[in-house]
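Each residue of the sequence shown is one higher than the one before, starting from 183 at the first, in my numbering.
By construction, the Cβ of each residue, glycine as well, lies at the ideal position given by its N, Cα and C atoms.
Quick caveat, the model's predicted, so the values are computed rather than measured.
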Amino acid sequence: MRKRTRLFRRLFILAVASLMLALFGLKVEAAHNTNPDRDSVAIIDHEGGQTNNQDGGELAGQVTGLAVSIDSTWVLLTGFLVFFMQTGFALLEAGLVRQKGVVNALLENFIDAGLTAIIFWAVGFGIAFGADSGGLIGTNNFFLSKAVEINEGSLIYKSIADVNPDIAYPNLTVLVFFFFQFAFAATASTITTGAMAERTDYIGDLIYTGLMAAITYPVIVHWVWGGGWLFDKSFHDFAGSTVVHTVGGVTALVGAWMLGPRADREWGKLPAAHNLGYATLGTMILWFGWYGFNPGSTLGAGNTGLIGLVTLNTTLGAGAGALGAMFFHYARSGKWDLTMTLNGSLAGLVAITAGCAFVMPWAAVIIGGIAGVLVLLAVDLIEKIKIDDPVGAFGVHGACGIWGTLAIGLFGQPELVFGEYAGKGGLLLGGGVDMLITQAIGSGATILFIGATSVVMFGALKAIGRLRVNKLADVIGIDVYEHGASVWPDVLPVPEILPTATAGKPAQAAAATGD
C-alpha cells in the first residue's frame with residue numbers, strides 16, 4: 183500500500199512539474215510569436231499596416247501581436263468546426279437517402295469539399311473579397327496572389343484590409359481569413375447535393391460544384407460581406423442565412439426541379455430513410471459545428487460578450503426549431519417524428535444564423551420556433567408541386583434562410599444593429615419598416631440572381647447530357663451504376679458484371695439487371 187502511495191505521489195509531482203514546464207514553454211513561445219522584431223513575419227496593426235517598434239513602441243507592438251495571435255487562433259479553431267460540419271452533412275444525407283444511393287452521397291460530400299478548396303482558392307475568394315468593382319464583384323487576389331509579399335528576403339503576411347480596404351478585419355491575415363471562408367463555401371455546395379441525391383450525373387456534380395465555388399456563391403458573398411452594394415446598404419446577415427443557406431437552398435430547388443424526380447418516387451408520402459441513426463448523428467454534428475459557424479463569425483476573440491450572445495442565440499434557435507417542428511408534426515399526425523424534429527433543429531439554426539448577433543435571446547426563440555413550423559410547411563409544398571428533394575434541403579436552408587434574414591427587420595435590437603439602422607432596430611421594436619425593406623431587397627436579389635444563374639447552369643448540364651444519370655441507374659441504383667460499390671454489399675450485393683456509366687451497352691445492362 184505504501185509503495186502504491188509513493189508511486190502516486192511521484193506521478194503527481196511529475197505531472198505538476200510537466201505542467202509547469204509546459205506553461206513556461208507556452209510563455210516563451212508567446213513572447214517569441216509576439217516579438218515585432220522578427221524578420222520573417224510582419225505584425226499587423228489595427229489599420230492593416232505595420233507596427234512601429236521604435237521609441238517605446240515595443241510594448242504596443244507585442245500587445246498588437248498578441249491580439250493578432252489570439253484572433254487568428256479563434257478564427258482557425260472555429261473554422262475547423264465549420265469544416266467538420268461536412269461530416270455532419272455526409273451522415274445526414276447518407277441516412278436520409280435510400281440504401282442504393284449512400285456511397286454516391288458520401289463521395290459527393292467528400293469530393294465537393296476538396297474541389298471547392300481548389301476552385302475557391304483560385305477564383306472564388308478573389309471574386310468574394312477582392313478589390314470592389316461597381317459593388318458587384320471583387321477583382322484581385324486570385325490564387326491568393328496578394329496574401330504574401332516578399333520584401334528583402336522576408337515574408338510579409340498581408341491583412342485582408344490591405345487587399346480590400348472596404349473590409350475592416352485588421353487582425354486577420356488573408357491566409358487565415360481564406361480558410362474560414364473556404365469552410366463556408368464548402369457548406370453552400372454541400373447543401374445542393376442533398377436535394378439532387380440518387381440521380382445526378384457524377385461529372386455533372388463536379389461541374390456545378392466548381393461553378394458554385396467560382397462564381398455564384400462568391401458574387402453573393404461580395405455583395406454582403408465583401409464591400410458590395412448590399413454591404414453599403416447596411417444589409418444584415420451575420421453568419422450566412424442569405425449568403426450560405428439561401429444560396430444553397432435556392433440552387434438545390436432549381437437543381438431538383440430541372441433534374442426531375444427519382445424514377446420510382448411515390449408522391450404523397452416521403453420515402454423511408456435508409457438509416458435514422460446516421461441522420462441523427464449527422465444532425466448532432468451539424469449542431470455542434472454551428473458553434474463554429476456563428477460564434478466564429480465574430481472574426482475575433484476580443485468581444486466575449488458578443489460571442490456569448492451569439493452562442494446563446496444559436497442554442498436557443500436550434501432548440502426552439504426542434505420543439506416547434508416536433509409539436510407541429512404531432513398536432514397534424516399524432517406521431518412524434520424523428521426526421522422532422524431533426525430538420526426542425528436545423529431549420530432553427532439556419533434561421534438564427536443571420537440575426538444571432540443582432541437580436542435578443544427571446545427573439546431567437548421566436549425565430550427558431552417559427553422556422554421549425556415553416557420547414558414542415560415548405561416540405562409539404564415541395565411535395566405538392568412534385569419536386570423530389572430527398573433531404574428537405576430547400577425547406578431547411580432556402581425557406582428558413584429567407585425567414586431568418588427577414589426576421590432581423592422585425593426583431594433587430596437597436597443597440598446591436600449597425601449602419602444606418604443603429605439605434606433604430608427592427609419593425610417590432612419601434613424602428614419602422616425601413617430595415618425590413620432592406621432585408622427583403624437583399625434576400626430577393628439573392629433569390630433572383632441564384633435562381634437565374636442556376637437555371638442557366640443546370641440547363642447547360644442538361645443540354646450536354648451531364649445532369650442526370652442513365653435510366654439504368656434508377657433500376658440498379660446509382661451506387662452500383664456510377665461507383666461499382668454498395669454501402670452494405672452483404673445486403674445489396676454488387677453485380678459481377680457492372681454496367682458502363684458512359685456507354686450504356688445493352689449487353690452489360692441485361693447482365694446487370696438479370697434480364
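_Helix, strand or coil for residue 677? Go by DSSP, reduced to three states._
In this structure, DSSP gives residue 677 a state outside helix and strand, which the three-state scheme calls coil.
*Assuming residue 558 contacts residue 507 (C-beta within less than 8 angstroms), just tell me the rounded distance between them.*
About 6 angstroms; that satisfies the 8 angstroms criterion.
*What do you reckon, are the CB atoms on residue 383 and residue 649 nearer than 8 angstroms?*
A contact, by the Cβ cut-off of 8 angstroms.
_Separation of residue 535 from residue 618, as counted between CA atoms_ = So the two alpha carbons sit approximately 17 angstroms from each other.
*Quick one: give me the first and last residue of the beta strand (DSSP E) that residue 333 is part of.*
Run containing residue 333: 330–333, per the beta strand (DSSP E) assignment.
*Specify, as a first and last residue, the run of the beta strand (DSSP E) that residue 481 falls within.*
In this chain, residue 481 is not harboured by any beta strand (DSSP E), its DSSP state being neither H nor E.
*May I ask which residues mark the beginning and end of the alpha helix (DSSP H) holding residue 371?*
Element bounds for residue 371: 356–377.
_Simplified DSSP assignment, three categories, for residue 527_ = Under the three-state reduction of DSSP, residue 527 is assigned to helix.
*Quick one: measure Cβ to Cβ for residue 332 and residue 408, integer angstroms, because I've assumed they're closer than 8 angstroms.*
The Cβ separation is near 26 angstroms, so there is no contact.
*Helix or strand or just coil, what does DSSP make of residue 222?*
Any reading at residue 222 is ruled out, since the residue's pLDDT is 32, under 50, leaving its predicted position unreliable.
*Taking only the alpha-carbon atoms, compute the straight-line gap between residue 449 and residue 504 and give it to the nearest angstrom.*
Going by the C-alpha atoms only, they are around 25 angstroms apart.
_Same chain, Cβ closer than 6 angstroms to residue 204, neighbours up to 5 away in sequence not counted_ = Since pLDDT at residue 204 reaches only 42, below the 50 mark, its modelled position is unreliable, and no value is offered.
_Quick check: the Cα distance between residue 221 and residue 341, rounded to an integer number of angstroms?_
With a pLDDT of 34 at residue 221, under the threshold of 50, the modelled position of this residue cannot be trusted; read the value that follows with caution. Distance between the alpha carbons of residue 221 and residue 341 is about 17 angstroms.
_Based on DSSP bridge pairs, tell me the residues matched to residue 314._
Residue pairing from DSSP places residue 314 in a beta bridge opposite 320.
*asked:* Looking at the strands, I want to know which residues DSSP matches up with residue 337.
replied: In DSSP, residue 337 forms a bridge with 332.
*Can you tell me which of the three DSSP states residue 650 falls into?*
Three-state result, residue 650: strand.
_Contact check, residue 374 vs residue 455, beta carbons under 8 angstroms_ = Going by C-beta atoms, residue 374 is not nearer than 8 angstroms to residue 455.
_Considering only their Cβ atoms, is the gap separating residue 640 from residue 436 smaller than 8 angstroms?_
Between residue 436 and residue 640, the CB-CB gap stays under 8 angstroms.
*Considering only the beta carbon of each residue, do residue 551 and residue 423 sit closer than 8 angstroms?*
The criterion of a C-beta distance shorter than 8 angstroms is not satisfied by residue 551 and residue 423.
*Give every residue of the same chain whose Cβ lies closer than 6 angstroms to the Cβ of residue 273, excluding the five residues on either side of it in the sequence, and list them in chain order.*
Hits under 6 angstroms: 460, 463 and 464.
*Looking at C-beta atoms only, is the number of pairs between the region 612–629 and the region 351–360 that lie closer than 8 angstroms three or more?*
Short answer: they don't touch.
*Just checking my contact of residue 354 with residue 257 at CB under 8 angstroms: how many whole Å lie between their CB atoms?*
About 6 angstroms separates the beta carbons of residue 354 and residue 257, which is inside the 8 angstroms limit, making them a contact pair.
*Can at least three beta-carbon pairs, one atom from the region 523–532 and one from the region 464–477, be found at a separation below 8 angstroms?*
Verdict: yes, contact present.
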